[in-house]
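Participant: Would you mind keeping the following structure in view while I ask a few things?
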Amino acid sequence: MIRVYGIGRDMTTDGKRVSLGAIFRVFFMIGATSFGGGLIAWIHRETVTNRKWLTQEQFLSGVALGQVLPGANVTNLAIYVGQVLRGGLGATVAICAVLLAPFFLCIGLAHIYDRVIGVPGFHAAMDGIAATAVGMILRLAYMGASHSCRKAAPAIIALAVFGAIGLLHWPLFPVILVAAPLSVALAWPRGAAHA
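Under this note's numbering, residues 890 to 1084 are what the sequence shown spells out, in order.
Put into structure tokens, the structure is as follows:
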């Protein structure tokens, strides 16, 4: 059995089992109603805050894993959440559910895009949706930083990565290639208490 922070697979933070139908409904709703980005924040709200399926630590581990693996962060996170909740079948249900509505919506919108782009207010509506997504992402970033950066070393690594990528515009891959092993080494448990 897989254990993440003491909680076994097939169990939520309160010890209940989540049905595949519940996983499908939540991830389908997230995929169908999340416009302009911010899906990771929405997944956090639904799985940690509202339903208490995951702990904050589990979720942040999933976000970190989703960011370092190839592919879209949201799909990686959906697979992770489904895996933690119900194993491989849960991962399959979560990824299919989160992609189902956007798949058909994008195909449908591609056919009418040329007509919709000229509608007055279309660009303003897209700007509003994007602003909402940025707000959700900033809230999640604040929560993650306040949880993960309680000690000096993680805070310094986070600031260094932000400065290198966000301010200096250095390439992502080399920065992560240096920062990730350094961060892991600094966070690695030491001493007899952790052996």
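Every residue gets a Cβ at the ideal spot worked out from N, C-alpha and C, and that includes glycine. Predicted, not measured: the structure shown is a model, and the values here were computed from it.
1) Where GLN945 and LEU954 are concerned, what is the direct C-alpha to C-alpha distance, given to the nearest angstrom?
2) Please go through the same chain and pick out, in chain order, the residues whose beta-carbon is closer than 7 Å to the beta-carbon of LEU989, but skip the five residues on each side of it.
3) Hey, how far is the Cα of ALA1020 from the Cα of LEU1027?
4) Between LEU928 and VAL963, how many whole angstroms is the CB-CB distance? I'm expecting something under 8 Å.
5) How many angstroms separate the CA atom of VAL957 from the CA atom of ALA1047?
6) For the alpha helix (DSSP H) containing PRO1009, name the first residue and the last one.
7) In or out: PHE992 buried (at least 16 other Cβ within 10 Å) or exposed?
8) Note down, in chain order, each residue of its chain lying with its Cβ closer than 8 Å to the Cβ of SER1037, except the 5 sequence neighbours on either side.
9) Is the beta carbon of LEU1085 less than 8 Å from the beta carbon of VAL952?
10) Looking only at its chain, what residues have a beta carbon closer than 7 Å to the beta carbon of TYR894, apart from the 5 residues adjacent to it on each side?
11) Please state the DSSP three-state secondary structure of HIS933.
12) Give me the Cβ distance between ILE912 and ALA986, rounded to the nearest whole Å; I'm assuming they're in contact under 8 Å.
13) Just to confirm my understanding: we take PRO1009, look at its own chain, exclude 5 residues before and 5 after, and list those with CB closer than 6 Å. What are they?
14) Out of VAL915, SER923, THR922, which one is the CA nearest neighbour of VAL937?
15) Count the other CB atoms, across all protein chains shown, that sit within 10 Å of the CB of GLY1007; report buried if there are 16 or more and exposed otherwise.
16) Whole angstroms is fine: what's the gap from ILE996's alpha carbon to GLY910's?
17) What's the call for MET1025, buried or exposed, on a 16-neighbour Cβ count within 10 Å?
18) Going by other Cβ atoms of all chains shown within 10 Å of its Cβ, with 16 needed for buried, is SER1035 buried or exposed?
19) Beta carbon of ILE1054, beta carbon of VAL1067: below 8 Å?
Facilitator: With the given structure in hand:
1) Here residue 945 refers to the residue found at position 56 when the sequence shown is read from its first residue. Here residue 954 refers to the residue found at position 65 when the sequence shown is read from its first residue. Those two C-alpha atoms are separated by around 14 Å.
2) Residue 989 sits at position 100 when you count from the first residue of the sequence shown. Cβ neighbours of LEU989 beyond the five flanking positions: PHE917, GLY920.
3) Along the sequence shown, read from residue 1 onward, the residue named residue 1020 stands at position 131. Along the sequence shown, read from residue 1 onward, the residue named residue 1027 stands at position 138. Distance between the alpha carbons of ALA1020 and LEU1027: 11 Å.
4) Reading the sequence shown from its first residue, position 39 is the one you call residue 928. Reading the sequence shown from its first residue, position 74 is the one you call residue 963. At roughly 4 Å, the Cβ-Cβ gap stays under 8 Å, so LEU928 and VAL963 are in contact.
5) Here residue 957 refers to the residue found at position 68 when the sequence shown is read from its first residue. Here residue 1047 refers to the residue found at position 158 when the sequence shown is read from its first residue. Using only the alpha carbons, I get a separation of about 15 Å.
6) Here residue 1009 refers to the residue found at position 120 of the sequence shown. First-last for PRO1009: undefined, no H or E at that position.
7) Translated into positions along the sequence shown, residue 992 becomes position 103. Exposed.
8) As a working note, residue 1037 is residue 148 in the sequence shown. The residues are LEU949, PRO1043, ALA1047.
9) No information on residue 1085 is available, as it lies outside the stretch 890 to 1084 that the chain covers here.
10) To locate residue 894, count along the sequence shown from 1; it is residue 5. Here TYR894 scores only 41 on pLDDT, less than 50, and its place in the model should not be relied on; the value that follows carries that caveat. THR944, GLU946, GLN947.
11) On the sequence shown, position 44 is the one that residue 933 refers to. Correct three-state label for HIS933: helix.
12) Taking the sequence shown and counting its residues from 1, one reaches residue 912 at position 23. Taking the sequence shown and counting its residues from 1, one reaches residue 986 at position 97. Contact flag correct, Cβ pair sits at about 7 Å.
13) The count along the sequence shown starts at 1 and reaches residue 1009 at position 120. If we look at PRO1009 and ignore the five residues flanking it on each side, it has no Cβ neighbours.
14) Walking along the sequence shown from the start, residue 937 turns up at place 48. The candidate whose alpha carbon is nearest that of VAL937 is VAL915.
15) By one-based count along the sequence shown, residue 1007 stands at place 118. Flag for GLY1007 reads exposed.
16) Translated into positions along the sequence shown, residue 996 becomes position 107. Translated into positions along the sequence shown, residue 910 becomes position 21. Cα to Cα, the separation comes out at about 25 Å.
17) Taking the sequence shown and counting its residues from 1, one reaches residue 1025 at position 136. Label assigned to MET1025: buried.
18) Here residue 1035 corresponds to residue number 146 of the sequence shown, with the count starting at 1. The residue is exposed, with fewer than 16 neighbouring Cβ atoms inside 10 Å.
19) Stepping through the sequence shown from its first residue, residue 1054 is reached at position 165. Stepping through the sequence shown from its first residue, residue 1067 is reached at position 178. No, Cβ-Cβ distance for ILE1054 and VAL1067 is not below 8 Å.
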